[in-house]
Amino acid sequence: MRPSDALGPGEPADLSLWVVRPPRPDTPAASRLAVGELDASETGRAGRFVRPQDRVQYLAAHIALRRVLAARAGCPPGALRLGREPGPPGTRFTGRPVLVDPPAPVHLSLSHSHGLILIGTASVVVGVDVQRVPTQKTVELCGPSLHPAEWSELAKRPAARQPAAFGQLWARKEAYLKGLGTGLRRSPALDYVGDAADLCAPPHPFGWIVRDVPVGSRHTAAAALAVATEPTITLRSLPVSCLYGGDAGQPLSAAPLLAWRRKGSWTLRWSSWERALRG
């Protein structure tokens, strides 16, 4: 990481989101990834992926995460030590991912799915999730596992709109459960993150804000933040060239701002958003 990679004193906002498209396997971009910055557990897990595209996606996701965290912590990406919070006593489960060393006031979350990577960093607990829009068959199989009110709302939608709506609900659900540190060990039916806002609707999770993240038409994404008031959220596109090793890599400052949200709805930087997410 070069000195120009360090973010300024005003960065990041309450929640910083970074979206990355991994390179295709067997391309020059894939061969330039800074794999040497990863630790042994990360490279070992990457080597266990059967499909090359899954392996490259994992490598790109973890290199990107390290570079974003390094900019927050002010140290080289390879010097970071990542770990997991302990899970419930008496179990072999683990909790949220954490930056173990150097100590820094940053919380993190990472998700990747079918050619898209989403990273979230904040000064409070955060969870992010990205999903490829599912098939109608997936909706029919997995929909009943939602909160009963969510499943009822989804069933009222036209069939053609159900896959995208279910994908968005599921992204919210997983983002929140990642923020809790339980993942899907906690039943998806227990918490309501649906769209209804009337007095009869179930309450949303107390002390959390869950927001949809605009990532194009092929994926759905969401972020959950452990705050009671509306945060400022920024979304940036991290070019794959920011993940290269050596002098070929660009600094994080090359990542254009795609969108931001303060109160109300998202404001999109259309030229950057279309180029990064629609192209």
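Sequential numbering from 1 applies to the sequence shown in my numbering. No residue lacks a Cβ here, since even glycine has one placed at the ideal position from N, Cα and C.
Does the stretch 200 to 209 come close enough to the stretch 157 to 168 that 3 or more CB-CB pairs lie under 8 Å?
Touching, no.
Within the same chain, show all residues whose beta-carbon is closer than 8 Å to that of residue 270, passing over the 5 residues directly before and after it, in chain order.
Position 270 of the sequence shown, counted from the first residue, corresponds to residue 270. So no residue of the chain qualifies.
Extract the residue ranges of the beta strand (DSSP E) inside the stretch 161 to 232, only unbroken runs of 3 or more that lie entirely within it.
Whole beta strand (DSSP E) segments, 3+ residues: 209 to 212 and 219 to 225.
Residue 61 and residue 99: beta carbons closer than 8 Å?
On the sequence shown, position 61 is the one that residue 61 refers to. On the sequence shown, position 99 is the one that residue 99 refers to. For residue 61 and residue 99, no; Cβs fall outside 8 Å.
Helix, strand or coil for residue 78? Go by DSSP, reduced to three states.
On the sequence shown, residue 78 is found 78 positions in, with the first residue counted as 1. In this structure, residue 78 counts as helix in the three-state DSSP scheme.
Taking the DSSP output, what are the residues bridged to residue 131?
To locate residue 131, count along the sequence shown from 1; it is residue 131. In the DSSP output, where bridge partners are listed per residue, residue 131 has 220.
Which residue marks the beginning of the alpha helix (DSSP H) containing residue 266, and which one marks its end?
Here residue 266 corresponds to residue number 266 of the sequence shown, with the count starting at 1. Residue 266 -> no alpha helix (DSSP H), and no H or E assigned at all.
Excluding the 5 residues preceding and the 5 following residue 101 in the sequence, name in chain order all residues of the same chain whose CB lies nearer than 6 Å to its CB.
For the purposes of this step, residue 101 is taken as the residue at position 101 of the sequence shown. So the list reads 81, once near-sequence residues are dropped.
Among the candidates 183, 140 and 149, whose CA atom is the shortest distance from the CA of residue 162?
In the sequence shown, the residue the question calls residue 162 occupies position 162. The shortest Cα separation from residue 162 among 183, 140 and 149 belongs to 140.
Considering only the beta carbon of each residue, do residue 176 and residue 224 sit closer than 8 Å?
Along the sequence shown, read from residue 1 onward, the residue named residue 176 stands at position 176. Along the sequence shown, read from residue 1 onward, the residue named residue 224 stands at position 224. Cβ distance < 8 Å, so residue 176 and residue 224 count as in contact.
Excluding the 5 residues flanking residue 116 on each side, which residues of the same chain have their C-beta closer than 6 Å to its C-beta?
By one-based count along the sequence shown, residue 116 stands at place 116. Cβ within range, chain order: 130 and 219.
If you count every other CB in all the chains shown that lies within 10 Å of the CB of residue 241, and 16 or more means buried, which is it?
Residue 241 sits at position 241 when you count from the first residue of the sequence shown. By the neighbour-count rule (16 or more Cβ atoms within 10 Å), residue 241 is not buried but exposed.
Since I believe residue 148 is in contact with residue 189 (beta carbons under 8 Å), could you give me their beta-carbon distance rounded to a whole number of angstroms?
Here residue 189 is taken as the residue at index 189 of the sequence shown, counted from 1. Here residue 148 is taken as the residue at index 148 of the sequence shown, counted from 1. With 8 Å as the limit, residue 189 and residue 148 qualify as a contact, their Cβ atoms being about 7 Å apart.
For residue 291, which of 22, 34 and 18 has the nearest alpha-carbon?
The displayed coordinates of the chain run from 1 to 279. Any statement about residue 291 would go beyond what the structure contains.
Classify residue 121: buried if its beta carbon has 16 or more other beta carbons within 10 angstroms, exposed otherwise.
Here residue 121 refers to the residue found at position 121 when the sequence shown is read from its first residue. Its Cβ being crowded by 16 or more others within 10 Å, residue 121 is buried.
Please go through the same chain and pick out, in chain order, the residues whose beta-carbon is closer than 6 Å to the beta-carbon of residue 256, but skip the five residues on each side of it.
Here residue 256 corresponds to residue number 256 of the sequence shown, with the count starting at 1. Only 237 and 272 meet the Cβ criterion.
To the nearest angstrom, report how far apart residue 170 and residue 92 are at their CA atoms.
The sequence position of residue 170 within the sequence shown is 170, counting from 1. The sequence position of residue 92 within the sequence shown is 92, counting from 1. Each residue's alpha carbon lies about 25 Å from the other.
In terms of residues, what are the limits of the alpha helix (DSSP H) holding residue 54?
Against the sequence shown, residue 54 aligns to sequence position 54. 52 to 73 is the span of the alpha helix (DSSP H), which, as asked, contains residue 54.
Alpha carbon to alpha carbon, how far is residue 235 from residue 143? Give it in angstroms, no decimals.
Counting from 1 along the sequence shown, the entry for residue 143 is found at position 143. Counting from 1 along the sequence shown, the entry for residue 235 is found at position 235. Each residue's alpha carbon lies about 29 Å from the other.
Of the residues 164, 200, 210 and 214, which one's Cα is nearest the Cα of residue 137?
In the sequence shown, the residue the question calls residue 137 occupies position 137. Among 164, 200, 210 and 214, the Cα nearest to that of residue 137 is on 164.
Which residue from 174, 71 and 39 puts its Cα closest to that of residue 211?
Start at 1 with the first residue of the sequence shown, and residue 211 comes out as number 211. With distances taken between Cα atoms, residue 211 lies closest to 174.
Is residue 97 helix, strand or coil by DSSP?
Indexing the sequence shown from 1 puts residue 97 at position 97. Three-state result, residue 97: strand.
Would you identify the three-state DSSP class for residue 113, choosing helix, strand or coil?
Numbered from 1 along the sequence shown, position 113 holds the residue referred to as residue 113. In this structure, residue 113 counts as strand in the three-state DSSP scheme.
Would you identify the three-state DSSP class for residue 120, choosing helix, strand or coil?
Position 120 of the sequence shown, counted from the start, is the residue given in the question as residue 120. Correct three-state label for residue 120: strand.
Would you call the stretch 47 to 58 and the stretch 67 to 87 touching, i.e. three or more CB-CB distances under 8 Å?
Too few Cβ pairs lie closer than 8 Å, so no.
Should residue 178 be labelled buried (16 or more other beta-carbon atoms within 10 Å of its own) or exposed?
Within the sequence shown, residue 178 is the residue found at index 178, counting from 1. When all chains shown are included, residue 178 counts as buried.
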